[in-house]
Amino acid sequence: MTPEQLSLAISKALSELVAAGRIPSDAIPKEIVVERPKNREHGDWATNVAMQIAPKASIPPREIAELLIPKLQSLDGVTSAEIAGPGFINLFVSSAAAGVLARQIVESGSQYGKSSAMSGEKLNLEFVSANPTGPVHLGGTRWAAVGDSLARIFQSQGATVTREYYFNDHGAQIDRFAKSLVASAKKEATPEDGYAGSYISEIASAILAKNPELLRLDGEEQQEAFRKHGVEMMFEQIKESLHNFGVDFDVYFHENSLYESGSVKKAVERLKQLGHMFEQDGALWFRSSSLGDEKDRVVIKSDGEASYIAGDIAYYLDKRERGFDRALYMLGADHHGYIGRMHAVCSAFGDTPGVNMEILIGQMVSLVKGGQPVRMSKRAGNVVTMEDLVETVGVDAARYALVRSSINSTLDIDLELLAKRTNDNPVFYVQYAHARTKQVDRNAESLGVARDEFDPALLESEAEGELLSKLSEFPRILAQSAEFREPHRVARYLEEVAGSYHRFYDNCRILPLPAKPIETIHKTRLWLNDAAGTVLANGLALLGVSAPERM
RNA sequence: GCCCCCAUAGCUCAGGGGAUAGAGCGCCGCUCUCCGGAGGCGGGUGCGCAGGUUCGAAUCCUGCUGGGGGCGCCA
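Basically this note's numbering = 1-based index in the first sequence + 13.
Written out as structure tokens, the structure is:
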């Protein structure tokens, strides 16, 4: 008996009551919530439907519960159903009915938890998109972890997901980057507004080593040459860091290509035709204020150059033309002011903001040292990069730490702390639980405990019931995680599974004691052990964190 | 001035209307001849303040206080 099965049964019972004229049909909530009560005395599962229906049906909640109880009590596997408090219905399920899940999970394997709720949806998820003027820093690393995990979760729900990285290789900042490289190559001081990190001189030297003749060029020609080589090297470096972090994008989209292909021009023309553009002060403006933005935006500056939003306009159009139902953008909090204009772009093309375009804002990551905040600046060159983080704590711990908090919260990273006290990271708690299930498997094999018997009724202790109910929540956790775009729910859930498993392990002897006979209970518990291992492995995979066999 | 996010245990954070608000870390104690002790068990009156909606609010709404970020013909 899983909560899904119970809520289906309740739903059926309610329709019968509607058909019998006992409850008006419009009083039935669209979702029947069946939850695990915090207090064991409140049953294995509980529902609040009676209280939800009561006000709409003008019937006291306990009366509605009275109508439902006989129907629920007659269900196979339900041992009793009780009214409690203001109108909760508490359900008690037989251990046999609850225990069959252990076997089902193991048989489903890596499929357990998956759903087809989002099948048919074609999503474009753009994240990181860090500028190629330096290595990916902590903020970008957070989006890499969260975005990739989100993509995996969407996929687990049946969606088709394209991971995309928008590479801003066009415009003034790239010019500053190029100038900084030239200055470094010539052993001159970093220009004002230039980039000063040590990676600048590394790249400059690397470019020179390959192309010594560049020093003989000058002016724009030289800057252009350094720009081209520098961006290329930065691009490769970023790609490699991401790959080492376990994140591979399906599409690396170059902003510059929108200009070279004429897409920007085309998109601007389109907006003109649609009547969303006007000229003023020698510039071409997008009348975004009439589409909900706080003010109008310049698209083509009075000097004839395109402004940044021109690329964004063309890029959005490109995504839609590539057939994506929904374009998701993950942006840092410092870009939240873009939502208005981006939604206006979406509307201008006749699409619906929030449906065809969805912008997720994540709060900043800040660096802390000994409890004191440290300001990071790419131009000043004191950034902590993705590579630094991975080197300090490893991919698993880094990804887990970045993905276990809501993106609505700012995150403090203390490298010193992470470096010397890696056990602080709950990832080990979860991974250890998984390794433990595997250790039990190895022991089972050497003891000759097979999986040829399974009697779910034997899984009757509290620890077993707790673990089973926790495991049964996995599909719902994934669905919610996808719906709210919140991968951290998976991490938090896994910590609970690990806790339940450890308690089960301590309270219930899985394998027989030395020289004792192998009984059905041992074999049955081995199924439950494996079910826990399956859920932990499936969950960790969605976070991009390894599930080790041994630690 | 306007916009976004945040405020929950000593610390880092979960909790998207339900019953007695949780986890990890840190601290103190306990852990049986037996599957890995990276585990388990026990030890706590913590939802910033004030209103409102509701049978019921940490959760939804309004105001306030405090903190972070943002408001370019930069990208």
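Just so you know, even glycine gets a beta-carbon here, dropped at the ideal spot from N, CA and C.
Straight-line gap, residue i to residue j (C-alpha atoms, nearest Å)
{"i": "M399", "j": "I45", "result": "43 Å"}
{"i": "E509", "j": "V311", "result": "51 Å"}
{"i": "K451", "j": "L541", "result": "12 Å"}
{"i": "V443", "j": "L553", "result": "9 Å"}
{"i": "E496", "j": "L221", "result": "50 Å"}
{"i": "Y445", "j": "N520", "result": "18 Å"}
{"i": "E292", "j": "D325", "result": "20 Å"}
{"i": "G153", "j": "V141", "result": "5 Å"}
{"i": "Y351", "j": "R75", "result": "50 Å"}
{"i": "R35", "j": "A63", "result": "13 Å"}
{"i": "E371", "j": "S559", "result": "30 Å"}
{"i": "S24", "j": "T60", "result": "11 Å"}
{"i": "A361", "j": "S128", "result": "34 Å"}
{"i": "H501", "j": "G557", "result": "12 Å"}
{"i": "K433", "j": "S276", "result": "50 Å"}
{"i": "Q354", "j": "S302", "result": "The question names Gln, but residue 354 in the sequence shown is Arg. Going by the C-alpha atoms only, they are around 8 Å apart."}
{"i": "A208", "j": "S320", "result": "The identity of residue 208 in the sequence shown is Tyr, whereas the question assumes Ala. So the two alpha carbons sit approximately 22 Å from each other."}
{"i": "L30", "j": "R333", "result": "46 Å"}
{"i": "D231", "j": "S379", "result": "40 Å"}
{"i": "A164", "j": "F180", "result": "19 Å"}
{"i": "V174", "j": "G98", "result": "45 Å"}
Nearest to residue i (by Cα), restricted to the options the options
{"i": "A566", "options": "L297, V440, W58 and M64", "result": "Given that the chain is displayed from residue 14 to residue 564, the structure contains no residue 566 and the question cannot be resolved."}
{"i": "R455", "options": "L80, E562, F262 and Y328", "result": "E562"}
{"i": "S494", "options": "A198, M355 and G126", "result": "G126"}
{"i": "E226", "options": "V195, D309, I352 and K483", "result": "V195"}
{"i": "S274", "options": "F262, D331 and L114", "result": "D331"}
{"i": "D294", "options": "L30, G305, D316 and S142", "result": "D316"}
{"i": "E39", "options": "A22, K69, E54 and A59", "result": "The amino acid occupying residue 39 in the given sequence is Asp; Glu does not appear at that position. Closest by alpha carbon: K69."}
{"i": "L297", "options": "L304, G288 and Y342", "result": "G288"}
{"i": "G461", "options": "L539, F517, E486 and D206", "result": "L539"}
{"i": "L136", "options": "Y342, V548, E237 and P37", "result": "Y342"}
{"i": "P525", "options": "V396, V358, V31 and E458", "result": "E458"}
{"i": "T537", "options": "L481, R240 and H349", "result": "L481"}
{"i": "Q18", "options": "L30, I77, V31 and A110", "result": "A110"}
{"i": "T15", "options": "P37, G112 and R333", "result": "G112"}
{"i": "S567", "options": "P37, L80 and E233", "result": "Past the boundaries of the shown model lies residue 567; the chain is included only from 14 to 564, so the question cannot be answered."}
{"i": "R516", "options": "S474, E205, G305 and L491", "result": "S474"}
{"i": "A511", "options": "H447, E201, L472 and A528", "result": "H447"}
{"i": "Y265", "options": "C359, V387 and Y178", "result": "Y178"}
{"i": "E134", "options": "R116, Q168 and W156", "result": "Q168"}
For residue i: DSSP bridge partner residues
{"i": "G375", "result": "G345"}
{"i": "V47", "result": "T60"}
{"i": "Q293", "result": "A296"}
{"i": "R339", "result": "L136"}
{"i": "F101", "result": "A97"}
{"i": "A319", "result": "I313"}
{"i": "F266", "result": "Y179"}
{"i": "P13", "result": "In the structure displayed, the chain extends from 14 to 564; residue 13 sits before or after that span and is not available."}
{"i": "V260", "result": "DSSP, once it has assigned bridges, lists no residue as partnering V260."}
{"i": "V106", "result": "V91"}
{"i": "L380", "result": "V387 and I426"}
Decide if the segment 47-62 is in contact with the segment 99-106; the criterion is three or more beta carbon pairs, one per stretch, under 8 Å apart. yes
Taking one C-beta from the segment 520-535 and one from the segment 451-469 each time, how about it: are there three or more such pairs within less than 8 Å? These segments touch.
At least 3 beta-carbon pairs within less than 8 Å: the segment 139-148 vs the segment 500-507: no
Are the segment 279-287 and the segment 241-259 touching by the rule of at least three beta carbon pairs closer than 8 Å? no
Are at least three pairs of beta-carbons, each pair with one atom in the segment 236-252 and one in the segment 202-218, less than 8 Å apart? yes
Counting beta carbon pairs with one atom in the segment 153-160 and one in the segment 111-121, are three or more of them shorter than 8 Å? Fewer than three pairs of CB atoms, one per stretch, sit closer than 8 Å, so the segment 111-121 makes no contact with the segment 153-160.
Counting only runs that start and end within the segment 124-207, where is the alpha helix (DSSP H) found for 4 or more residues in a row? 151-169 and 185-198
Quick test of the definition: if touching needs 3 or more C-beta pairs under 8 Å, does the segment 416-423 touch the segment 367-385? yes
Would you call the segment 177-193 and the segment 513-528 in contact, with 3 or more CB pairs under 8 Å? no
At which residue ranges does the segment 382-462 contain complete beta strand (DSSP E) runs of 3 or more residues, listed in the order of the chain? 385-387 and 424-427
Would the segment 336-344 and the segment 358-369 be scored as touching if the rule is three or more Cβ pairs under 8 Å? yes
Only counting runs of 4 or more residues, tell me where the alpha helix (DSSP H) segments fall wholly within the segment 451-523, in order along the chain. 475-485, 487-496 and 501-520
Any alpha helix (DSSP H) of 4 or more consecutive residues that is wholly inside the segment 526-560: 533-556
Which runs of the beta strand (DSSP E) fall wholly inside the segment 212-287 and span at least 3 residues, in chain order? 264-267
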